[in-house]
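Q: For what it's worth, the working numbering labels the leading residue of the sequence shown as 41, then goes sequentially. After the structure tokens below, expect a handful of questions from me.
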Amino acid sequence: MPFRYFLKQLLMPPGVLFLLLLAAWWLRNSWPRTARLCFATGLGGLLLMSLPVVVEQSARALESVPALQMDQWAALAGQADAIVVLGAGRERGDPAWGAVDQPTGTALERMRYAAQLAKASGLPLLTSGGLHYGSPPSEARLMADSLRRDFGVEVRWLEEQSHTTWENATFSAAMLLPEGKKRVVVVTQAWHMPRSVWSFEQAGFSVVPAPVGFLGKDHGRPFGGWMPENKALWQSGQLLNEITGLVGYRLFY
Numbered sequence: 041m042p043f044r045y046f047l048k049q050l051l052m053p054p055g056v057l058f059l060l061l062l063a064a065w066w067l068r069n070s071w072p073r074t075a076r077l078c079f080a081t082g083l084g085g086l087l088l089m090s091l092p093v094v095v096e097q098s099a100r101a102l103e104s105v106p107a108l109q110m111d112q113w114a115a116l117a118g119q120a121d122a123i124v125v126l127g128a129g130r131e132r133g134d135p136a137w138g139a140v141d142q143p144t145g146t147a148l149e150r151m152r153y154a155a156q157l158a159k160a161s162g163l164p165l166l167t168s169g170g171l172h173y174g175s176p177p178s179e180a181r182l183m184a185d186s187l188r189r190d191f192g193v194e195v196r197w198l199e200e201q202s203h204t205t206w207e208n209a210t211f212s213a214a215m216l217l218p219e220g221k222k223r224v225v226v227v228t229q230a231w232h233m234p235r236s237v238w239s240f241e242q243a244g245f246s247v248v249p250a251p252v253g254f255l256g257k258d259h260g261r262p263f264g265g266w267m268p269e270n271k272a273l274w275q276s277g278q279l280l281n282e283i284t285g286l287v288g289y290r291l292f293y
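Next comes the structure, spelled out in structure tokens:
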């Protein structure tokens with residue numbers, strides 16, 4: 041896992057763009073034309089990734105699944121057998137919570153939405169997410185504890201083995217399909233939903249997508265989104281990772 045993480049961070053933007061800038065400095069005397077190309081590509085890539093307008097336009101290409109309307113929430117009871125909320129990492133040892141690990145902000149966004157869907161429909165919940173960097177508790181356990189404590193919703197199943205979206209689907213299927221739960225509402229980020237739906241359908245489910253956290257909307261950034269922002273840099277990284285995942289899943293799975 042550490043080597044896989046290192047390789048991914050190195051080869052995916054922004055890591056590879058920093059490598060290009062490093063290569064530009066290294067080659068500046070021996071290969072000046074190549075150095076200029078590396079510098080322009082690295083700096084230009086970082087600039088594009090930092091622009092909110094680029095995030096917005098890129099997200100629109102990924103966010104192909106529309107949001108559920110609020111008046112559809114109760115009707116989910118007749119369309120699905122369970123709600124599956126996918127993990128999104130954890131924050132380690134936050135002192136504000138007694139040094140106890142907590143779900144990330146992205147995970148909380150998913151959990152909040154899943155809790156409202158569960159309350160409106162009465163459907164049971166499954167949280168999906170394994171050990172983050174190999175140490176307990178699992179993401180599924182952290183989400184289940186928070187759903188009970190913060191949102192007043194009990195979780196029926198905890199899938200605590202997965203580390204990828206494909207494994208989210210595969211291990212959830214191993215728990216739900218033997219119980220006859222073949223129709224699931226999947227809760228995750230809007231830009232992550234196409235890969236999630238594909239994975240859960242491949243695992244044998246009929247999927248009702250419930251996307252949240254849309255990035256492809258007008259978020260009212262100053263200067264029309266053409267001013268670089270550090271938040272946009274992180275969001276661009278998420279979108280690029282998702283594009284790579286979409287291609288990779290269809291090639292390798």
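Ideal placement from N, C-alpha and C gives every residue a C-beta, glycine not left out. Bear in mind the structure is a predicted one, so any value in this text is a computation, not a measurement.
#1: Using CA atoms only, rank isn't needed, just tell me which of LEU67, LEU88, LEU87 is closest to CYS78.
#2: Using the Cα positions of TRP113 and PRO249, report the straight-line distance between them to the nearest angstrom.
#3: According to DSSP, simplified to helix, strand and coil, what is GLU179?
#4: Got a sec? Which residues, its chain only, sit under 6 Å from ALA154 by beta carbon, not counting five neighbours each side?
#5: If we call anything under 7 Å between Cβ atoms a contact, is LYS221 one with ASP121?
#6: Could you check which residue in VAL94, VAL56, SER104, ASN69 has the C-alpha nearest to that of LEU83?
#7: Suppose contacts are defined by Cβ-Cβ distances below 7 Å. Is PRO218 in contact with SER186 by that definition?
#8: Pull the bridge partners of GLU269 from the DSSP assignment, please.
#9: Considering Cα atoms alone, identify which of ARG132, ARG235, ALA75 is closest to HIS172.
#10: Is the distance from the Cβ of LEU47 to the Cβ of VAL225 below 7 Å?
#11: Closest to VAL193 by CA distance: which of ALA147, SER212, GLY277, ARG152 is it?
#12: Going by other Cβ atoms of all chains shown within 10 Å of its Cβ, with 16 needed for buried, is LEU62 buried or exposed?
#13: Could you pull out every unbroken beta strand (DSSP E) segment of at least 3 residues lying fully inside the stretch 226 to 254, listed in chain order?
#14: Taking ALA64 as the reference, give the member of PHE58, ALA75, TRP71 with the closest Cα.
#15: How many angstroms separate the CA atom of LYS159 from the CA atom of ALA128?
A: In short, the structure shows the following:
#1: Position 38 of the sequence shown, counted from the first residue, corresponds to residue 78. Ranking LEU67, LEU88, LEU87 by Cα distance to CYS78 puts LEU67 first.
#2: In the sequence shown, residue 113 corresponds to position 73, counting from 1. In the sequence shown, residue 249 corresponds to position 209, counting from 1. C-alpha separation (whole angstroms): 12 Å.
#3: The residue labelled residue 179 in the question sits at position 139 within the sequence shown. Reduced to three states, the DSSP call for GLU179 is helix.
#4: Against the sequence shown, residue 154 aligns to sequence position 114. Within the same chain, ALA154 has close Cβ partners ILE123, VAL125, VAL227.
#5: Counted from its first residue, the sequence shown places residue 221 at position 181. Counted from its first residue, the sequence shown places residue 121 at position 81. Yes, the pair counts as a contact, with Cβ atoms nearer than the cut-off.
#6: Start at 1 with the first residue of the sequence shown, and residue 83 comes out as number 43. Comparing Cα-Cα distances from LEU83 to each of VAL94, VAL56, SER104, ASN69, the minimum goes to VAL56.
#7: For this step, residue 218 is matched to residue 178 along the sequence shown. For this step, residue 186 is matched to residue 146 along the sequence shown. No, they are not a contact pair.
#8: To locate residue 269, count along the sequence shown from 1; it is residue 229. Its beta-bridge partners do not exist; DSSP assigns none.
#9: If you number the sequence shown from 1, residue 172 lands on position 132. Comparing Cα-Cα distances from HIS172 to each of ARG132, ARG235, ALA75, the minimum goes to ARG132.
#10: Here residue 47 refers to the residue found at position 7 of the sequence shown. Here residue 225 refers to the residue found at position 185 of the sequence shown. In this structure, VAL225 does not lie closer than 7 Å to LEU47 by Cβ.
#11: If you number the sequence shown from 1, residue 193 lands on position 153. Answer by Cα proximity: ARG152.
#12: Translated into the one-based positions of the sequence shown, residue 62 becomes position 22. Answer is exposed; the Cβ neighbour count stays below 16.
#13: 246 to 252
#14: If you number the sequence shown from 1, residue 64 lands on position 24. Of PHE58, ALA75, TRP71, the residue nearest in Cα terms is ALA75.
#15: Along the sequence shown, read from residue 1 onward, the residue named residue 159 stands at position 119. Along the sequence shown, read from residue 1 onward, the residue named residue 128 stands at position 88. Using only the alpha carbons, I get a separation of about 22 Å.
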